[in-house]
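Everything on this sheet refers to the single structure shown next.
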Ligand SMILES: *Cc1c(COP(=O)(O)O)cnc(C)c1O
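Numbering (my numbering), first residue to last: 8 to 503.
Set out below in structure tokens:
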């Protein structure tokens, strides 16, 4: 199966090349030329497999220049017992009569990004080999917190790779910083950048566009690459867990084969919900995909009116991983719904970059609204939902998941839709203990992050994830702070 650019349908590459390149040369994103179809019988057969088997079935239909054996091996390694609990890679738990929670936070960094970033190193290194590349790949990441740690965990000690992460000095939570600075692995490096997230991000962009530096590194046997969320290799692993959720609901007797489900996703860059859309296109019976936003509700407005407008205030919320005004992966959906018309899509993206907004035509809006519903919840509503969900349903959810639960409840109320529903839970509540503790238990969030973690564990009677609790005992390995203008030199010296 070939992959084409959203901005030039005629530009096609193999799946391995799409993973190596990340972005098409014209700035477009890669999409499969056709979407594989799974019959209900095939889905039903997947229900008898463990998570790794289900993921192998899905990925082997998309990544056709890998053998099934290759993919099975990477998947076993990525989601192995040391990384995820063996019986609960992506468990589905009951919330109430209709709603279920798909827990995507049992990986090493306690957020759903582990599903993609545990697997990407294997896909990327194999893709490099398949495309004839022999240099050591150096992954550079600028992070505001979660992505950096997930990428470090994924690439740590993976042969043929090195990874370097820059985080804003003082711009992350204490837990997030320690998660990164205590990272083990011979091939990892972490720097604090003396600035904010934008400074770190711009520094990394400068390194990527420095041709001289690329040549210098190439002479030393290195190739720079990124683990950006628009890489197809990050999206495709996420499709698998929606198949898996359907299988689990079948196994639990919550649905019969063929019954439609709703899927609710707390959304930022539109990657996770796009994976759910792909699962639907592949044949998983889905009624509505519900896009849940926080106060940065640009997607709610877009899915309601057909106009995307990023010219609006930017809010820092208690669900920081969804504080985004440009949802990059939406480009893929617009291309598909616009009938794969690359010129029409290019015009929309040009309008977005020049004016910060665009409007889709009535046909596309109708197609959007057929598949998607949307809603948003502010911080007060989110906190209230954490409280109510714990008090009424006995379920402790994180801030991002709470946004999704709030939007789902409002959706079910206004539409009367009683379709069995899967709500994606994207992070462990312990990762956001500072908000979850006061919201669920009414106690003030006092003291440092570790104190909050302990308190949340005691009050909820649940153990804090070992990966977070274990940070207490770990030594910090990386303490260097660099000036944003000196990031290149820092990378160069590290690679000597
Ligand atoms: C990244 C992230 C999101 C947003 O996911 P997108 O794929 O960008 O829409 C939601 N919740 C958490 C906890 C995240 O880390």
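Beta carbons are placed, not taken as given, at the ideal position from N, Cα and C, and that holds for glycine.
Query                                                                                                                                                                           : Result
Give a single yes or no on whether residue 69 has its beta carbon closer than 6 Å to a heavy atom of ligand 1.                                                                  : no
Using 8 Å for Cβ pairs, my map puts residue 21 next to residue 35. What's the rounded Cβ distance?                                                                              : Not a contact, Cβ separation roughly 16 Å.
With the cut-off set at 7 Å, would you say residue 466 and residue 441 are in Cβ contact?                                                                                       : no
So the alpha helix (DSSP H) residue 53 belongs to, where does it begin and stop?                                                                                                : 47–53
Please list the terminal residues of the continuous alpha helix (DSSP H) segment that includes residue 455.                                                                     : Neither: residue 455 is in no alpha helix (DSSP H) and is coded neither H nor E.
Assuming residue 110 is part of the beta strand (DSSP E), what are its boundary residues?                                                                                       : 106–110
From residue 237 to residue 28, what does the alpha carbon distance come to, in whole angstroms?                                                                                : 11 Å
Have a look at 58, 340, 319 and flag the residue whose alpha-carbon is nearest the alpha-carbon of residue 364.                                                                 : 319
On the DSSP letters alone, give me the boundaries of the beta strand (DSSP E) that residue 127 sits inside.                                                                     : No beta strand (DSSP E) contains residue 127, which is instead part of the alpha helix (DSSP H) from 120–137.
Of the residues 206, 394, 214, which one's Cα is nearest the Cα of residue 176?                                                                                                 : 206
Going by C-alpha distance, which of 190, 473, 266 is nearest residue 47?                                                                                                        : 266
How big is the Cα-Cα spacing for residue 192 and residue 257?                                                                                                                   : 40 Å
Short of 8 Å in beta carbon distance, which residues of its chain neighbour residue 455, apart from the five on each side in sequence? Order them along the chain.              : 181
Can you tell me whether DSSP reads residue 198 as helix, strand or coil?                                                                                                        : strand
Under 7 Å between the Cβ atoms of residue 246 and residue 130?                                                                                                                  : no
Tell me whether the beta-carbon of residue 163 lies closer than 7 Å to the beta-carbon of residue 195.                                                                          : yes
Excluding the 5 residues preceding and the 5 following residue 417 in the sequence, name in chain order all residues of the same chain whose CB lies nearer than 7 Å to its CB. : 382
Under three-state DSSP, which class holds residue 99?                                                                                                                           : strand
Quick check on DSSP: helix, strand or coil for residue 262?                                                                                                                     : coil
Can you give, in chain order, each stretch of the alpha helix (DSSP H) that sits fully within the region 458–502 and has at least 4 residues?                                   : 473–476, 494–501
Give the DSSP-derived three-state secondary structure of residue 37 in the structure shown.                                                                                     : strand
Output the distance between the C-alpha atoms of residue 379 and residue 310, rounded to the nearest integer angstrom.                                                          : 7 Å
Counting only runs that start and end within the region 400–436, where is the alpha helix (DSSP H) found for 4 or more residues in a row?                                       : 406–422
What residue range is occupied by the uninterrupted beta strand (DSSP E) comprising residue 168?                                                                                : 168–175
Between which two residues does the alpha helix (DSSP H) harbouring residue 284 extend?                                                                                         : 278–289
List, from N- to C-terminal side, the alpha helix (DSSP H) runs of 4 residues or more that fit wholly inside the region 72–97.                                                  : 75–85
Output the residue ranges of the beta strand (DSSP E) runs that lie fully inside the region 203–237 and measure 3 residues or longer, sorted by chain position.                 : 229–232
Is it right to say residue 91 is buried, meaning 16 or more other beta carbons lie within 10 angstroms of its own, or is it exposed?                                            : buried
Tell me the rounded alpha-carbon separation between residue 361 and residue 404.                                                                                                : 39 Å
Taking only heavy atoms of ligand 1 into account, decide whether any of them is closer than 6 Å to the Cβ of residue 153.                                                       : yes
Measuring alpha carbon to alpha carbon, tell me which residue in 58, 69, 325, 57 is nearest residue 9.                                                                          : 69
What did DSSP end up calling residue 342 once you bin it into helix, strand or coil?                                                                                            : helix
Between 160, 43, 329, which lies nearest to residue 117 when the distance is taken from Cα to Cα?                                                                               : 160
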